[in-house]
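Please read the structure below before turning to the comments.
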Amino acid sequence: MTTSGETQVCLDETPFYHCYVRCVRRAYLCGEDFSTGESYDHRKQWIVSRLKFLSYIYAIDICAYAVMSNHYHVVLHVDKSRAQSWSRTEVVERWMQLYKGDMLVSRWLKAPATLDEAQRDAVYLKIETWRERLFDIGWFMRGVNETIARMANAEENCKGRFWEGRYKSQALLDEAALLSCMAYVDLNPVRAGMEESLDTSDFTSIQQRLAELARKKRQLKKHPELAERTEKQVRLKADLKLDNQPEAPLMVFDGSSHTDVHVALPFTEQDYLRLVDETGRVLRADKRGAIPDAIKPIIERFGIDPKNWLEHVQNFSRRYGRCAGHVVRMRAYVERYGLRAAKGVGVSSFLYKGFN
Numbered sequence: 001m002t003t004s005g006e007t008q009v010c011l012d013e014t015p016f017y018h019c020y021v022r023c024v025r026r027a028y029l030c031g032e033d034f035s036t037g038e039s040y041d042h043r044k045q046w047i048v049s050r051l052k053f054l055s056y057i058y059a060i061d062i063c064a065y066a067v068m069s070n071h072y073h074v075v076l077h078v079d080k081s082r083a084q085s086w087s088r089t090e091v092v093e094r095w096m097q098l099y100k101g102d103m104l105v106s107r108w109l110k111a112p113a114t115l116d117e118a119q120r121d122a123v124y125l126k127i128e129t130w131r132e133r134l135f136d137i138g139w140f141m142r143g144v145n146e147t148i149a150r151m152a153n154a155e156e157n158c159k160g161r162f163w164e165g166r167y168k169s170q171a172l173l174d175e176a177a178l179l180s181c182m183a184y185v186d187l188n189p190v191r192a193g194m195e196e197s198l199d200t201s202d203f204t205s206i207q208q209r210l211a212e213l214a215r216k217k218r219q220l221k222k223h224p225e226l227a228e229r230t231e232k233q234v235r236l237k238a239d240l241k242l243d244n245q246p247e248a249p250l251m252v253f254d255g256s257s258h259t260d261v262h263v264a265l266p267f268t269e270q271d272y273l274r275l276v277d278e279t280g281r282v283l284r285a286d287k288r289g290a291i292p293d294a295i296k297p298i299i300e301r302f303g304i305d306p307k308n309w310l311e312h313v314q315n316f317s318r319r320y321g322r323c324a325g326h327v328v329r330m331r332a333y334v335e336r337y338g339l340r341a342a343k344g345v346g347v348s349s350f351l352y353k354g355f356n
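Taking the UniProt record's numbering, the leading residue of the sequence shown gets 1, the next gets one more, and so forth.
This is the structure:
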């Protein structure tokens, strides 16, 4: 478990976390500079590519993401058992793709017989430290934010902070919290009035999932806006020389055809995409509380009260503090880790059926 003033990661409670961070002074350092008219939209691709590259290295899956002009959100899944299954050699190979190695570890890789017992013990201890860091959200987020800050400062030939302090995180304690938070993240551009549809919501996981599904069904041409936006991002990655960088796929859904996956999101792709699409349509139409009958069974399946779904998805990040979930789970979480009363307990009692 790692803790700080803004961050609480407790893998014994949940492997799912919502992380978010804002640009310093909430400036639009990843969008258009309204004073000069210069666009920094390409930095959004920097962030997306960095997230996916680190997910490829770390035992951390990306469930959802949305990169906006002055902040970004990402929902992460920590796969501790995967990191523990790696051989020592694999841990070293992964770590050294990101950071400088260690002379003694390098010797162990090339000629292990040249090391005495004390040296081998030191190497093994170092490798176990690296292994723990490779499923640590703090190290993962640092690897994103510090790299992007350096790239932005180099681009502008300046020094200074790029991000508004440390990232913040929320523990997602149950499936309803995970579902709500992922929908909240994926609907960020629509909810903020920046985009009209999921197809045009650039630099979001929902757009990526829709494009991948359309491509799989060979139907991308039937979605011209989605095809155009996707192709534009492909060209941008090439221009930024990021097209050859390895990337992890998004975390798959339950019922996926991927046979090599041992853990998946606890809902189907069809249900999730339909839920987000229908919710987005209601948000755009500003029909407060008008949840379509077609998606009510999906919402109710997770113990969520449909009449409070919209408000919850619109304001998830503001309604909760360090954790989100059923009232019982939230109170137990607070008591276990000696925290002050959890922000969002009252909101949670309205979201879940049977409390109102």
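Just so it is clear, CB atoms sit at the ideal spot from N, CA and C, and this is done for glycine as well.
Assigned secondary structure, residue i (DSSP; H/G/I helix, E/B strand, else coil)
i: residue 59; result: coil
i: residue 111; result: coil
i: residue 105; result: helix
i: residue 323; result: strand
i: residue 95; result: helix
i: residue 355; result: Low per-residue confidence applies at residue 355: pLDDT is 49, beneath 50, and the placement is therefore not dependable, though the value from the model is reported in the following sentence. The answer is coil: DSSP assigns residue 355 none of H, G, I, E or B.
i: residue 169; result: strand
i: residue 200; result: coil
i: residue 86; result: coil
i: residue 194; result: coil
i: residue 53; result: helix
i: residue 158; result: coil
i: residue 247; result: coil
i: residue 145; result: helix
i: residue 44; result: helix
i: residue 340; result: coil
i: residue 137; result: helix
Exposure label - residue i; buried when at least 16 CB within 10 Å
i: residue 271; result: buried
i: residue 378; result: Summary: the structure shown does not reach residue 378, with the chain confined to residues 1 through 356, and so no result is reported for it.
i: residue 4; result: Below a pLDDT of 50, predicted positions are generally treated as unreliable, and residue 4, at 48, falls in that range; the measurement from the model is reported next regardless. Exposed: under 16 other Cβ atoms inside 10 Å.
i: residue 185; result: buried
i: residue 228; result: exposed
i: residue 356; result: For residue 356, the pLDDT reaches just 46, beneath the cut-off of 50, and the residue's location in the model is therefore unreliable, although a value from the coordinates is still provided. So residue 356 ends up on the exposed side.
i: residue 44; result: buried
i: residue 125; result: exposed
i: residue 13; result: buried
i: residue 246; result: exposed
i: residue 204; result: buried
i: residue 209; result: buried
i: residue 129; result: exposed
i: residue 255; result: exposed
i: residue 30; result: buried
i: residue 235; result: exposed
i: residue 207; result: buried
i: residue 103; result: exposed
i: residue 67; result: buried
i: residue 69; result: buried
i: residue 136; result: buried
i: residue 202; result: buried
i: residue 123; result: buried
Residues that residue i bridges to, as DSSP identifies them
i: residue 67; result: 72
i: residue 307; result: Bridge partners of residue 307: none, in fact.
i: residue 211; result: Looking at the DSSP assignment, residue 211 forms no beta bridge with any residue, so it has no partner.
i: residue 265; result: 253
i: residue 39; result: 32
i: residue 16; result: 77
i: residue 22; result: 71
i: residue 399; result: An answer regarding residue 399 cannot be provided, because it is not within the stretch 1 to 356 covered by the chain.
Proximal residues to residue i (C-beta, below 7 Å), its chain only, five neighbours per side dropped
i: residue 141; result: 19 and 167
i: residue 280; result: 187, 190 and 198
i: residue 55; result: 61, 62 and 248
i: residue 159; result: 153
Nonlocal neighbours in the same chain, by C-beta distance under 8 Å from residue i, ignoring five residues either side
i: residue 196; result: 190 and 284
Cβ neighbours of residue i in the same chain (closer than 6 Å, five flanking residues each side left out)
i: residue 305; result: 353
i: residue 214; result: 220 and 223
Counting pairs of Cβ atoms below 8 Å between the stretch 307-314 and the stretch 171-184, do you hit three or more?
-> Yes, since at least three Cβ pairs between the stretch 307-314 and the stretch 171-184 fall closer than 8 Å, the two stretches touch.
May I ask you to verify whether the stretch 79-87 touches the stretch 47-67, counting CB pairs closer than 8 Å and requiring at least 3?
-> Enough Cβ pairs lie closer than 8 Å, so yes.
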